[in-house]
Amino acid sequence: MKKKLVLLLIATVVLCFSGVANAYFGKIGTANYLGRDYNLIYEGELGYQAKDGSYPQPGWGLCNTGDFDHLQAAAYWSSTEYSLNPSDAWDFHFGLSLQGYGGKGSGDGFYALAVRPGEVSFNPVPIPGAVWLFGSGLIGLVGFRRKFGNR
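In this note's numbering, the protein residues as written are 1092 to 1242.
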């Protein structure tokens, strides 16, 4: 019985993983990093899309900006200082999906998003209207108390 279970387990493993050996990977080139050559591979077909958007390509660029209106395919400043050079800050390029760093000066061409709490000042409730509403509610409670409170 024990031998049959072991043979069944081995047969199951062989059958399950026999398709993995047939997966197609194509070589697209090599890269050299720290003196070592690495093969660059992909599975399936290449998409052949230019990363700079120079051709009309479906699915390229900012297809869904979510909650952000008027988001540009450009670099946005993250306000996180680059530790090796304090005059630079980290940025993210939404068009190319790249992260980098650049100068913090106004002429460096970064966009910015105000998404952190406390960075934008606004009055969510108009104060005069809220005071009138609160006052009329108090007067109503006092009147209600006088009419029905002494019974």
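For glycine and all other residues, C-beta sits at the position ideal for the given N, C-alpha and C. Note that the structure is a prediction, hence the values are computed from the model and not measured.
When rounded, the separation of the alpha-carbon atoms in PHE1201 and PRO1219 is 39 Å. Separation of GLY1240 and SER1169 (C-alpha to C-alpha, rounded to the nearest whole angstrom) is 60 Å.
In this structure, the beta-carbon distance from ALA1164 to ASP1182 does not fall below 8 Å. Within the segment 1177-1201, the complete beta strand (DSSP E) segments of 3 residues or longer fall at 1179-1184 and 1189-1194, listed in chain order.
When secondary structure is reduced to three states using DSSP, SER1174 falls in the coil class, being assigned neither helix nor strand. DSSP links TRP1223 through a beta bridge to no other residue. In this model, PRO1177 and LEU1189 are separated by some 21 Å (Cα to Cα). The beta carbon of LEU1232 lies closer than 6 Å to none in the same chain, with the five residues before and after it left out. Under DSSP, ALA1164 forms no beta bridge with any residue.
Rounded to the nearest whole angstrom, the C-alpha separation of GLY1186 and GLU1172 is 22 Å.
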